[in-house]
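Asks:
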Amino acid sequence: MFSMVEDWIHLATVADDGSLAFGQGILSSIKPVETVLMPNYPNPFNPETWIPYHLSQDAEVVVRIYDTKGRIARTLDMGFQSFGYYASRNKAAYWNGRTDSGEMVSSGTYFYQIQAGDYTETRKSVILK
């Protein structure tokens with residue numbers, strides 16, 4: 010273990026501002042191969058759920074929640090996001106089971122759809138009360 014630390018220290022370089030930049034290139038950003046909408050969790054849920062996704066490229070991201078009649082219940086504007094993994098609770102889209110006007114939706118099946126650039130995908134979710 011100690012030799013790994015020594016090796017890392019030897020990789021130190023001086024950045025443009027004169028500060029030390031240790032191990033440049035040791036940690037690299039891992040880019041998803043494809044954009045994909047993941048299953049929400051929990052599912053079924055009450056009253057909240059998270060909607061994870063992966064972005065293979067930077068994009069404006071919008072998640073829409075539809076009822077079974079195709080009406081938009083909620084729009085989650087995630088804004089412009091860099092490529093990456095949006096799967097943890099602090100990064101995934103969050104839906105609190107409310108409509109855009111703040112009313113709780115009724116129990117039943119809902120569909121959530123992501124739009125990220127040219128990519129669109131829809132999945133099913135169930136809210137139980």
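So for the sequence shown, this note's numbering puts the first residue at 10; every next one is plus one. Built from N, CA and C at the ideal position, the CB exists for glycine as well. All values reported here derive from a predicted model rather than from experimental measurement.
1) Between the segment 56-75 and the segment 104-115, are three or more C-beta pairs nearer than 8 Å?
2) According to DSSP, what are the bridge partners of Asp86?
3) Where does Thr44 land, buried or exposed, given buried means 16+ other C-beta within 10 angstroms?
4) Over the uninterrupted beta strand (DSSP E) stretch that includes Gly79, give me the two end residues.
5) Count the other C-beta atoms from every protein chain shown that fall within 10 angstroms of the C-beta of Ser42, then say buried if there are 16 or more, exposed otherwise.
6) Taking the alpha carbon of Tyr50 as the point to measure from, which residue in Val71, Ala101 and His63 has its own alpha carbon closest?
7) Three-state secondary structure (DSSP) at Arg98?
8) Residue range of the beta strand (DSSP E) that Glu57 falls in?
9) Helix, strand or coil, according to DSSP, for Glu130 in the structure here?
10) Less than 7 Å between the C-beta atoms of Tyr95 and Tyr119, yes or no?
11) Bridge partners for Thr118 per DSSP, in chain order?
Replies: By the coordinates alone:
1) The segment 56-75 vs the segment 104-115: in contact.
2) Its beta-bridge partners are Val71.
3) Answer is buried; the Cβ neighbour count reaches 16.
4) First-last for Gly79: undefined, no H or E at that position.
5) Strictly speaking, residue 42 in this sequence is Val, with Ser absent from that position. Classification of Val42: exposed, given that the 10 Å Cβ count is below 16.
6) Out of Val71, Ala101 and His63, the CA that lies nearest to the CA of Tyr50 is found in Ala101.
7) Of the three classes helix, strand and coil, the one that applies to Arg98 here is coil, per DSSP.
8) For Glu57, no beta strand (DSSP E) encloses it, and the DSSP letter there is neither H nor E.
9) For Glu130, the secondary structure class from DSSP, reduced to helix, strand or coil, is strand.
10) In this structure, Tyr95 sits away from Tyr119, with a CB-CB distance that is not shorter than 7 Å.
11) The partner list for Thr118 (beta bridge, DSSP) reads Val135.
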